[in-house]
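In our numbering, the protein residues as written are 644 to 1129. Cβ coordinates follow ideal geometry from the N, Cα and C atoms, glycine included.
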Amino acid sequence: MASHSTGAPLPTLPEGFLAALRQIVDDKGLLTAAEEILPHVTEQRGRFVGATACVVKPATTQEVAEVMKLCCDHNVAVVPQGGNTGLVSAGIAFAEDRAIILSLSRMNRVRNLDPLNNTMTVEAGCILQNIQDAAARVDRFFPLSLGSEGTCQIGGNIASNAGGINVIRYGNSRALVLGLEVVTAEGEVWDGLRSLRKDNTGYDLKQLFIGSEGTLGVITAAVLKLFPATKERSTAFIALGQLEDALPLLSLAQSVIGEALNSFELIPRIGMDFALKHAQDITDPLAQPHDWYVLLEASAGTQQANLPTLFESYLELALEKGWITDAALAQNTAQADSFWRLRENITLCQKAEGGSIKHDISVPLSVIPAFIRKANAAVEAYLPTIRPYPFGHIGDGNIHYNLSQPIAMDKDEYLAHWDALNRIVHDIVVEMGGSISAEHGIGRVKLKENLHYKSPLEIRMMQQIKQSLDPKNLMNPGKLLPDTRK
Ligand code: MLT
Ligand code: ZN
């Protein structure tokens, strides 16, 4: 899993194909020079470099449809791409994919904002943060929020069913989409841009495309759900008595703070150490070091929610029970932002400590502490000097169970243990009724693992769906499901 390209030769495109593409999208919509293509085939962390003959960038749904029709007629496979911030290489073309990349980045208009209906219709290439800002300008809130929100695009968020830090309250992307516009593998336009909260007219086709990682069609636009803008926000950084206390602490938050609870994130001491060591402008919110922390946030769309008072009674009760040993309650926006900066750096600072073997797992919430302890024991039995680095969305039962390399080991030597460590961790996940990909998806990186753990029946039903929507298997072949082309 170290940085590599596959080395497979890049197949040539059918004669006349590039000229036909150029006719559809013009010169500014077609990249063929190696240096222009490179950022589109380089995984954001630089772990993989793919290869493609061209990147096509249509500016309208009609252009996407024409491109797809052309590709279908010439049997050319297509990898739809958003901001290229994905973590499983679903949006990158590799040489053996024999595919072109279709970038949605020029389709970045907000088509409609309807505050009274609490909806917004956006094109796939809109940057997530721009969507949040556009909603805020009409006194509304769009809750999808994740580390790469300044660069990721909503089409990619939807295609990968992205999660993030507000899932506990608002759900993942799947729960935030009311309608979709999709260009099919054969170049037809499905206008499913309904902005309805009730629509009981048959199969919910949009849900098929959400989370399908570009393997069924090209998402070109979406209707998103909006919520009242935040008027009050409270954020606390809490030291746990022990890992197991996270569970009663969450239940207590749900009963005392109630539905206003947005985020409940786990941070281990090793994460705090990495962030303090490697990031600028980070301070430990608490006076003493602790083994485990929770970052908790609630917000309300009214000014009468009394969140600070609720937080104080919550923290008092938790202290009385012995579930927490210390806590800092943000006194202003700057302090709340500094807690979140710390959380963001828990993710970013692993890189500075060498190789990290990553797992994005979920198990039922009630067994999260047991999972972490069991997995730690198992990976330490395999490699005693390994540094387990479990963090993330504990409120959703989703832990990024990452494993940082032993201090004295060479990075490549460590990364050679990738598959073995995946198997150790994923066996425990599955035995505990969990999932090997909670929010990052499958893409190319987890394809083998997914095939190993999913039942043959489940894989077969997925293949049958793909076959009916993409009969020539031209949509992102080799991602999520095996490439069945000759
Ligand atoms: C996070 O929650 O920080 C990300 O999903 C984890 C990651 O980038 O690995
Ligand atoms: Zn995450």
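Ile797 is the residue among Ser803, Ile797, Phe737 whose C-alpha sits nearest the C-alpha of Ile770. Taking the CA atoms as reference points, Asn800 sits about 41 angstroms from Glu963.
As far as DSSP is concerned, Ser732 takes part in no beta bridge. DSSP, reduced to helix, strand and coil, places Ser816 within a helical segment of the structure shown.
About 5 angstroms separates the beta carbons of Phe852 and Val825, which is inside the 8 angstroms limit, making them a contact pair. Placement of the Cβ of Leu985 at a distance of 8 angstroms or more from every heavy atom of ligand 1 is found.
When DSSP states are grouped into helix, strand and coil, Tyr846 belongs to the coil group. By a beta-carbon distance limit of 8 angstroms, Leu839 does not contact Met763. Their separation comes to about 14 angstroms. Membership of Gln687 in any beta strand (DSSP E) is not indicated, and neither H nor E is assigned to it by DSSP. In this structure, Leu960 lies away from Tyr936, with their beta-carbon atoms at least 9 angstroms apart. In the same chain as Pro723, and ignoring 5 residues on each side of it, the C-beta atoms closer than 6 angstroms to its own belong to Leu745, Gly857, Val861, in chain order.
For Asn1041, the beta-bridge partners assigned by DSSP are Ser1005.
Ranked by Cα distance from Leu859, the first of Val765, Lys1122, Asp1113 is Asp1113. Judged by beta-carbon spacing, Asp740 lies within the 9 angstroms limit of Gly693, meaning their Cβ atoms are closer than that value. Here Gln796 is bridged, per DSSP, to Ile770.
Lys1001 has its CB nearer than 8 angstroms to a heavy atom of ligand 1. DSSP, read as helix, strand or coil, puts Pro932 in coil. Rounded to the nearest angstrom, the Cβ distance from Ala864 to Leu836 is 6 angstroms, consistent with a contact under 8 angstroms. Non-local C-beta neighbours of Ala918 in its own chain, meaning closer than 7 angstroms and more than five positions away in sequence, comprise Ile925, Leu985, Asn988, Ile989, Cys992, ordered along the chain.
The shortest C-alpha to C-alpha distance from Pro951 to any of Asp847, Asp934, Ala971 is the one to Ala971. Taken atom to atom, the span from the alpha-carbon of Leu789 to that of Leu656 is near 37 angstroms.
Of the candidates Asp980, Ala941, Phe982, Leu953, the residue whose Cα lies closest to the Cα of Gly1038 is Ala941. If you check the C-beta of His1095 against ligand 1, you find no heavy atom less than 8 angstroms away.
For the pair Val866 and Leu821, the CB atoms are nearer than the 9 angstroms cut-off. The residues Thr764, in chain order, have a CB closer than 6 angstroms to that of Asn755 in the same chain once the five nearest residues on each side in sequence are set aside. Counted as a single uninterrupted DSSP element, the alpha helix (DSSP H) harbouring Ser981 occupies residues 976-991. Apart from the 5 residues on each side of it in sequence, Gly1040 sits with its Cβ closer than 7 angstroms to the Cβ of Ser1005, Val1006, Pro1007, Leu1008, Ile1011 in its chain, given in chain order. Annotation: Lys712 to Asp1003 spans about 36 angstroms, alpha carbon to alpha carbon. Within 10 angstroms of the beta-carbon of Ile1050 lie fewer than 16 other beta-carbons, which makes it exposed. Taking 8 angstroms as the cut-off, the C-beta of Asn1041 counts as close to a heavy atom of ligand 2. CA-to-CA, the gap between Thr704 and Gln687 works out to about 27 angstroms.
Note that the segment 974-981 does not touch the segment 1016-1035; fewer than 3 beta-carbon pairs, one per stretch, sit closer than 8 angstroms.
For Leu909, the beta-bridge partners assigned by DSSP are Val937, Gly1035.
In summary, Lys841 is exposed, with fewer than 16 beta-carbon neighbours lying within 10 Å of its beta-carbon over all protein chains present. Here Ser1080 has Asp1003, Lys1089 as same chain residues with Cβ atoms under 6 angstroms from its own Cβ, once five neighbours each way along the sequence are excluded. Taking 9 angstroms as the cut-off, the beta carbon of Leu938 is found closer than this to the beta carbon of Thr878.
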